[in-house]
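Have a look at the structure below before the remarks.
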Amino acid sequence: MSQNPPFRKREDLDKYAVAKNAPVWLGGKKVIADRVVKTACPHNCYDTCGQLVYVKDERVIKIEGDPEHPITRGHLCLKGFANVEKINSPDRIKYPMLRIGERGEGKFKRISWDEAFDYMVGNMNRIRNKYGGEALMEYGYSGNREHMAKAVAGRLLNLIGATKLTGSFCLLSGASGSYHSVGSQHTTPPEIWSEHCELVLLVGRNPSATNPHIYPFLYRAKERGAKLIVVDPYVTGVASKADLHLRPRPGTDGALALGMISWIIANDLHDKEYIARHTTGFEELKELARQWTPDYTEQITTVPGEQIIEAAELYATHVSHMECGYGHQRYSNGHQAQRALACLAAVCGHIGKRGASYNCVDSMCFPAIDGFMKTAKVAVPEGAVIKPTRMVNIAAFATAVHKAKKPPIKGVISYRGGLISQQPWVDYTIEAVKKLEMFAVIEQFMTDDTDWADLVLPACHYLEQYGFHPSYWHHYFQTTVPVCQPYYEAVPDLEIFEELGRRMGYEEYFPRDRTGLDYIKMLVGEDADVDMATSPNGPIRFSEDWCPKVPNENGKFDTPSGKFEFYSSTMAERGKKFKGDFNPLPNFVEPDESVFGTPKLAKKYPLSVISQHPAFRTHSQYCNLPWIKEIEGPTHIFMNREDAESRNILDGDKVRIYNDRGELNDIVVKVSIRVKRGVIEFSSGMWVKYGGSVNKLTGLSLGGPRDVLAEDGIMYEYHPLLDGNTTAYFNTLVQVEKM
Amino acid sequence: MKKQLTLYVDTNRCMNCRACETACKLENSLPAGPRYTMVTETEMMDGEIPKCMFLPMPCLHCGDAFCVKACPTGAVRKRADGVVLVTKSRCIGCHECLWACPFGVPQFGEDGKMSKCTLCANAIDEGGKPACVKACPAEAIMFGSTEEISEIMRKRYAAASFHKRETVAAR
């Protein structure tokens, strides 16, 4: 049962009930739930599903999809339902714990919340006095991708003058590349394009794992007669539904786009009127594209020339909608790959139309950057003097911890992210963690991170706390509300940072009468009625001030020229200031590690690893749950038959996978037609202690445009959309041998 | 005869998200072990093009159910509306139903007795839908009488052929 720590106020949650004393079937029995609450899943996914959660005795007993959600329409993914197993798992961390063994041993003793705060306050003050406030920082990402608690944590970190964590290891390379040509970017929502398009071009996206609710819209478009072209090196579920599936060599999506642009221009299929009225730099792009003939593009991408021509002609001559994922931008050239795709859309005039739009990511993904969310109101408390501090790019976190001086980084509070399993190059990351004097981890389970922690705090499941997570794919949002009281001694992230703030002497900035909902209202401001988006009310459509229904419909772009920029003036400008690949044109450069780009290395390590988003997990989350383990089976890779035969490997054999950075043993091989020769598929996110983390092998290389590794990941000025950065997870080359 | 209820999976739509599997586990309060539905993945060459096919395998509630005939104790029975159910108290755990079922549907949990998909009989008797049908994001799993499902499939097929003809004509 819930043992509310003394500093917590218990809030009555019945106000959020859409129904009370509601009967529901469970295991063949009718159970009466005390309350049913509407909420949304904040697990960093396009869909942001509407959920109905049944609660009995402050325990979640059942989750269903909310049939009234206009996009997710009552359906959930497997993780949505598995949240019942997750929140009720006997393995959850139940109370604060302090390390008693060596780091990495995973030995702890139970302590009280008071002792836990004393430990944190004592250590943080000691580190601050000895090295300065910038020796402290947070680590957090999208385990729960809501923005409110992060903003409140930001308030405390600002007050103590900590180093700021910024950037992304996920999609900012692509988002930045795109931004340099398009400016502020939004998506045309699926209910619109699916009714108007004649063709969908889906690039680098595996919606079965990341965006299952796109399917009814894709099928609707197909039933209307639309064609589907999928670009992916791997035979995904959606690729299996495609009319045409292009399988480029990993890291060459940008080259493929240039090949299509080249054919389209050479054959006079481009939209001359659109180009003349709404774009700049076309002549420069034309010059760049000239060399990308079908033959040359085939040489680089390994996609047959006739397929490139077919795709180019189909795309150019239909009302074509482009839907981009994030796979193709997880290479060192990822920013230019995304920009080449944007240019492909613009060359054909397929932007800003109901059926022909270019969807990369909606700016609602970064509500703090584009100003929808008034982060400063929360993160910068009125009346406080906040000094600007240095920043660390999350994509180069370990590098920054290793290299930072004046002051070194000595204390980290980690939450909402699997640091050790998700950061590239596990061994290097663990070495960085070892250098810390305080590593506090707020977690739901004993993960790789808690093993290395000094202090472990019991985190709330998202169903036990407030949150704000607008979708970055469709145009609806609803608040995430606590459906039940926190389990055990768990405390919402928000309240941990508030209480820490009070105990560090900032009582006035963390008033006790504020709830998560109050902070969400501060963030959203007047643009939307938060109460209407809060259970028992349903999701609401974004205000048109936030994002237009069909972006760029008037042909205007938020760039310096007001036009779509094939030749990006902001790239050229930014390149004068910072190192990196700021080529104003989407030129193709081989990834940092690739069979063509680094042939010497490829002799030793001839196989490219692509890591699809784990099909049945959210990265490192859910992988300890029995339901999910049963579906997923042992950690495995997919390998092409020829590669397997040449290594004497049979289906089901166990192998060793290795490169200079590390090795993994006992990985099961599935011999498969899903990957081409020279490529293996190895899903991300598996815990290191389970023996299957692909990040043991992944390098530090980053997607651009800015080369923050040259700056050791430590920055004094940074604009996420101008500078980008994504961990180039897919640059990885390895060798595989039978055990 | 009363209308026969069944599940129908449009395999052209299933895309391997496995939502049906955990929805089913939750609905039936099942631990890891017994699986009332399971998505099978297969790989095939469509000419020169590699593709994956996915097939969720719940109980098909067969018209002439082999498991019912094989059960020596009458524990497996077929209701008038076609739903095949097990009376656990009558099951002796002999596995005859598993031998008889062409699809490997019968599951045996820790109690050693057969259990399987009930078509969420409790819910459908109140006018609801089976959990997997409600869950499916691809809207691939359908529930209804054989006549209703056949009608939907015929409409979808006709629409698809119509568009194919239209596209060919446009060329």
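Chains as they are written, first to last, in my numbering: chain D, 1 to 739; chain B, 740 to 910. Note that beta-carbon positions come from the ideal geometry of N, C-alpha and C, so glycine has one too. All figures in this text were calculated on a predicted structure; none of them were measured in a lab.
Using only the alpha-carbon positions, how far apart do residue i and residue j sit?
i, j, result
"tyrosine 296(D)", "serine 646(D)", "29 Å"
"leucine 285(D)", "leucine 258(D)", "9 Å"
"alanine 908(B)", "valine 84(D)", "Only weak support exists for where alanine 908(B) lies, its pLDDT of 48 falling under 50; the value from the coordinates is given anyway. For alanine 908(B) and valine 84(D), the distance between alpha carbons rounds to 52 Å."
"asparagine 552(D)", "alanine 356(D)", "11 Å"
"asparagine 333(D)", "proline 797(B)", "45 Å"
"tyrosine 605(D)", "valine 55(D)", "52 Å"
"methionine 391(D)", "lysine 405(D)", "13 Å"
"lysine 742(B)", "glycine 821(B)", "8 Å"
"isoleucine 386(D)", "arginine 502(D)", "17 Å"
"glutamate 58(D)", "arginine 92(D)", "16 Å"
"isoleucine 394(D)", "leucine 172(D)", "11 Å"
"histidine 278(D)", "phenylalanine 217(D)", "29 Å"
"proline 548(D)", "alanine 376(D)", "24 Å"
"valine 655(D)", "glutamate 737(D)", "6 Å"
"leucine 463(D)", "leucine 13(D)", "12 Å"
"arginine 290(D)", "glycine 177(D)", "21 Å"
"glutamate 782(B)", "glutamate 849(B)", "33 Å"
"serine 608(D)", "glutamate 105(D)", "33 Å"
"threonine 479(D)", "leucine 344(D)", "37 Å"
"aspartate 362(D)", "isoleucine 413(D)", "29 Å"
"alanine 804(B)", "isoleucine 667(D)", "41 Å"
"lysine 410(D)", "aspartate 232(D)", "41 Å"
Taking residue i as the reference, give the member of the options with the closest Cα.
i, options, result
"valine 778(B)", "Ile409(D), Thr210(D), Ala615(D)", "Ala615(D)"
"isoleucine 275(D)", "Lys563(D), Ala602(D), Arg677(D)", "Lys563(D)"
"glutamate 115(D)", "Leu98(D), Phe108(D), Lys15(D)", "Leu98(D)"
"alanine 379(D)", "Pro536(D), Ala162(D), Lys603(D), Lys738(D)", "Ala162(D)"
"tryptophan 546(D)", "Ile369(D), Pro424(D), Pro511(D), Lys405(D)", "Ile369(D)"
"serine 683(D)", "Thr301(D), Ser535(D), Glu495(D), Ser421(D)", "Ser421(D)"
"glutamine 185(D)", "Val550(D), Leu201(D), Val668(D)", "Val550(D)"
"alanine 644(D)", "Glu663(D), Pro626(D), Asn659(D), Gly678(D)", "Gly678(D)"
"proline 96(D)", "Glu102(D), Lys86(D), Lys107(D), Ser89(D)", "Lys107(D)"
"glutamate 323(D)", "Gly204(D), Lys150(D), Leu700(D), Cys348(D)", "Gly204(D)"
"lysine 94(D)", "Asn144(D), Glu443(D), His335(D)", "Glu443(D)"
"valine 238(D)", "Trp263(D), Leu202(D), Glu223(D), Ile261(D)", "Leu202(D)"
"proline 789(B)", "Tyr466(D), Ser672(D), Ile160(D)", "Ser672(D)"
"proline 190(D)", "Asn211(D), Cys170(D), Ser178(D), Gly174(D)", "Asn211(D)"
"tryptophan 113(D)", "Val456(D), Gln735(D), Gly525(D)", "Val456(D)"
"isoleucine 214(D)", "Ala342(D), Ile71(D), Lys86(D), Leu246(D)", "Ile71(D)"
What residue does the alpha helix (DSSP H) around residue i start on, and which one ends it?
i, result
"proline 294(D)", "294 to 301"
"leucine 136(D)", "Premise fails: leucine 136(D) lies in the beta strand (DSSP E), 136 to 140, not in any alpha helix (DSSP H)."
"glutamate 191(D)", "190 to 196"
"tyrosine 219(D)", "215 to 223"
"lysine 130(D)", "113 to 131"
"proline 207(D)", "207 to 210"
"serine 884(B)", "Unbroken run through serine 884(B) is the beta strand (DSSP E), 880 to 884; no alpha helix (DSSP H)."
Could you name the residues that DSSP lists as bridge partners for residue i?
i, result
"methionine 796(B)", "Bridge partners of methionine 796(B): none, in fact."
"arginine 816(B)", "Leu824(B)"
"glycine 703(D)", "Thr726(D)"
"phenylalanine 564(D)", "Thr279(D)"
"arginine 247(D)", "Answer by DSSP bridge pairing: none, since arginine 247(D) is not bridged."
"arginine 541(D)", "Tyr476(D)"
"threonine 745(B)", "Gly883(B)"
How far does the beta strand (DSSP E) with residue i in it reach, from first residue to last?
i, result
"glutamine 735(D)", "733 to 738"
"threonine 726(D)", "724 to 727"
"phenylalanine 108(D)", "108 to 110"
"threonine 779(B)", "778 to 785"
"glutamate 443(D)", "438 to 443"
Any heavy atom of the ligand FMN within a distance shorter than 7 Å of the CB on residue i?
i, result
"tyrosine 519(D)", "In terms of ligand content, the structure shown is empty, and the ligand FMN therefore cannot be addressed."
Considering only residues of the segment 578 to 624 of chain D, which uninterrupted alpha helix (DSSP H) runs meet the minimum length of 4 residues and lie entirely inside it, listed in chain order?
Counting whole runs of 4 or more residues, the segment 578 to 624 of chain D contains the alpha helix (DSSP H) stretches 599 to 604.
At which residue ranges does the segment 20 to 105 of chain D contain complete beta strand (DSSP E) runs of 3 or more residues, listed in the order of the chain?
You should have 29 to 40, 50 to 56, 59 to 65, 97 to 99.
Report the residue ranges of all beta strand (DSSP E) runs contained in full by the segment 347 to 424 of chain D; include only those spanning at least 3 residues, in chain order.
Correct list: 391 to 393, 411 to 415.
Enumerate, from N- to C-terminal direction, the unbroken alpha helix (DSSP H) stretches of 4 or more residues contained entirely within the segment 148 to 195 of chain D.
Entirely contained in the segment 148 to 195 of chain D, the alpha helix (DSSP H) runs reaching 4 residues are, in chain order, 148 to 160, 172 to 182.
Every unbroken alpha helix (DSSP H) within the segment 300 to 327 of chain D, with a cutoff of 4 residues, ordered by chain
Fully enclosed alpha helix (DSSP H) runs of 4 or longer: 305 to 317.
Please identify, using Cβ separations under 9 Å, the residues of the segment 788 to 802 of chain B that lie next to chain C, in order along the chain.
Given the protein chain composition of this structure (D and B), no chain C is represented.
So within the segment 624 to 662 of chain D, which uninterrupted beta strand (DSSP E) runs reach at least 3 residues, ignoring any that extend past its ends?
You should have 636 to 639, 654 to 659.
What ranges does the alpha helix (DSSP H) occupy inside the segment 462 to 509 of chain D, keeping only unbroken runs of at least 4 residues that lie completely in it?
Runs found: 493 to 503.
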